[in-house]
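Each residue of the sequence shown is one higher than the one before, counting from 0 in numbering that gives the first Met the number 0. No residue lacks a Cβ here, since even glycine has one placed at the ideal position from N, Cα and C. None of these values were measured; they are calculated from a predicted model. Single-structure report; data block below.
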Amino acid sequence: MAKKETNQNLPSQADIDKYKMLEKLLSSIYVEMKEFSKKKPDEPLNKFKVKNINRVLEQIKEIMKEEPTNEFLDLLDEESLPSNSDSILIIAQFHASMAQFRSKYYRDYLSGLGSHIWTTQEEPIEF
């Protein structure tokens, strides 16, 4: 039987609002970096790209701090400047972690009617 989440282990509504914004940003970054990786996989990113990508990744790590996947989420190294292919690997891990987060807390609320709801500290819906 699955272990029940306590309210403290659930994300807050503020976390969900931030998640929704970051999910769109990460998807955009993922698509762009995937294209760069296809064209020039071994070309290193510049500092500007690493800094901007890390701004998004840092906020995702903060939301994921209580999730088991958090220990596998690393930021891009600003000193060594990773290649396009290395960066897409890291970004894909964040992408997968966010998908897992969504599947854990976003549920079909009214079965078959297409209504969905996030379970949060403020609204701890039991499923």
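Next item on the list: Count the other CB atoms, across all protein chains shown, that sit within 10 Å of the CB of Glu77; report buried if there are 16 or more and exposed otherwise.
Entry: With fewer than 16 other Cβ atoms within 10 Å, it is exposed.
Margin query: Please state the DSSP three-state secondary structure of Met0.
Written below: Model confidence at Met0 stands at a pLDDT of 33, short of 50, so the residue's coordinates are unreliable and nothing is read from them.
Note to self: Output needed for Ser84: all residues of its chain with C-beta closer than 6 Å, excluding positions within five of it in sequence on either side, in chain order.
What the structure shows: Excluding the 5 residues flanking it on each side, Ser84 has same chain C-beta neighbours closer than 6 Å at Ser36 and Pro40, in chain order.
Next item on the list: Report the rounded CA-to-CA distance for Glu4 versus Glu70, giving the unit in angstroms.
Entry: Bear in mind that a pLDDT of 47 at Glu4, under 50, signals an unreliable position, so the number given afterwards is only what the model happens to contain. So the alpha carbons of these two residues sit roughly 20 Å apart.
Notebook entry, point to check: To the nearest angstrom, how far is it from the Cα of Ile89 to the Cα of Ala98?
Noted result: A direct Cα-to-Cα measurement between Ile89 and Ala98 gives close to 15 Å.
Check: Which whole-angstrom value describes the C-beta separation of Phe93 and Leu72, a residue pair presumed to lie in contact below a C-beta threshold of 8 Å?
Finding: Right, the Cβ-Cβ distance comes to about 6 Å (below 8 Å), so this counts as a contact.
Next item on the list: In the DSSP assignment, find the alpha helix (DSSP H) that holds Asn83 and state where it starts and stops.
Entry: Counting along the chain, the alpha helix (DSSP H) containing Asn83 begins and ends at Asn83 to Tyr104.
Check: By a C-beta neighbour count over all protein chains shown, 10 Å radius and 16 as the cutoff for buried, is Ser79 buried or exposed?
Finding: Exposed, because fewer than 16 other Cβ atoms sit within 10 Å of the Cβ of Ser79.
Margin query: By alpha-carbon positions, which one of Leu9, Lys17 and Val49 ends up nearest to Ile87?
Written below: Of Leu9, Lys17 and Val49, the residue nearest in Cα terms is Val49.
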